[in-house]
Amino acid sequence: MKEVDHFKYNYQNRKIMIIKKTVIILIGIIIIAGLTAGYFFFIKSPRDGWTTPLAQIGKKENTPPPATGKVDDTVNALLQEIEDETLASQEENNEANAIIDDSQTISDFGQTYNENAL
1 MKEVDHFKYN YQNRKIMIIK KTVIILIGII IIAGLTAGYF FFIKSPRDGW TTPLAQIGKK
61 ENTPPPATGK VDDTVNALLQ EIEDETLASQ EENNEANAII DDSQTISDFG QTYNENAL
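Start counting the sequence shown at 1; every next residue gets the next number (UniProt numbering).
Structure, rendered in structure tokens:
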């Protein structure tokens with residue numbers, strides 16, 4: 001009878017140790033996951049200060065031409081400004097077309113294959 005009690009005691013002791021190890025391992029995993037998430041969410045990366053805001057990309061400062069009083073200089077300045085606006089408008093249109101193309105490509109993924117459409 002003592003052997004049975006001894007075996008039962010060892011079995012219960014092992015079961016408790018396995019549960020303790022499992023709990024310790026799970027707590028360790030949760031701590032590591034929390035530290036990793038904290039690192040990525042709360043610590044600033046040194047790259048954060050290096051980025052240029054999107055509003056400043058491609059912006060040129062428009063400095064007026066020196067005032068000479070000549071009509072040709074004024075007309076040339078206006079033509080240059082119109083050209084700059086046209087280029088900016090074309091860039092915006094190109095970006096919009098790229099977004100539309102991407103959107104169309106993404107929606108094409110949801111369609112089924114149709115042999116007759118070829």
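The beta carbon of each residue, even a glycine, is placed where N, CA and C say it ideally should be.
Can you tell me whether residue i is helix, strand or coil according to DSSP?
i	result
Met1	Caution is warranted here: a pLDDT of 49 is assigned to Met1, below 50, making its placement in the model unreliable, and the coordinate value is therefore given only provisionally. Correct three-state label for Met1: coil.
Thr36	helix
Thr68	coil
Ile43	coil
In chain order, what residues of the same chain have a beta carbon less than 8 Å from the beta carbon of residue i, not counting five sequence neighbours either side?
i	result
Ala98	none
If you follow the alpha helix (DSSP H) that residue i is part of, which residue opens it and which one closes it?
i	result
Glu92	71–108
What do you reckon, is the C-beta of residue i under 7 Å from a heavy atom of the ligand ADP?
i	result
Ile27	In the structure shown, the ligand ADP is absent, as is every other ligand, since no ligand is present at all.
Does residue i have its Cβ less than 8 Å from a Cβ in chain C?
i	result
Asn13	The structure shown contains no chain C; it is built from a single protein chain.
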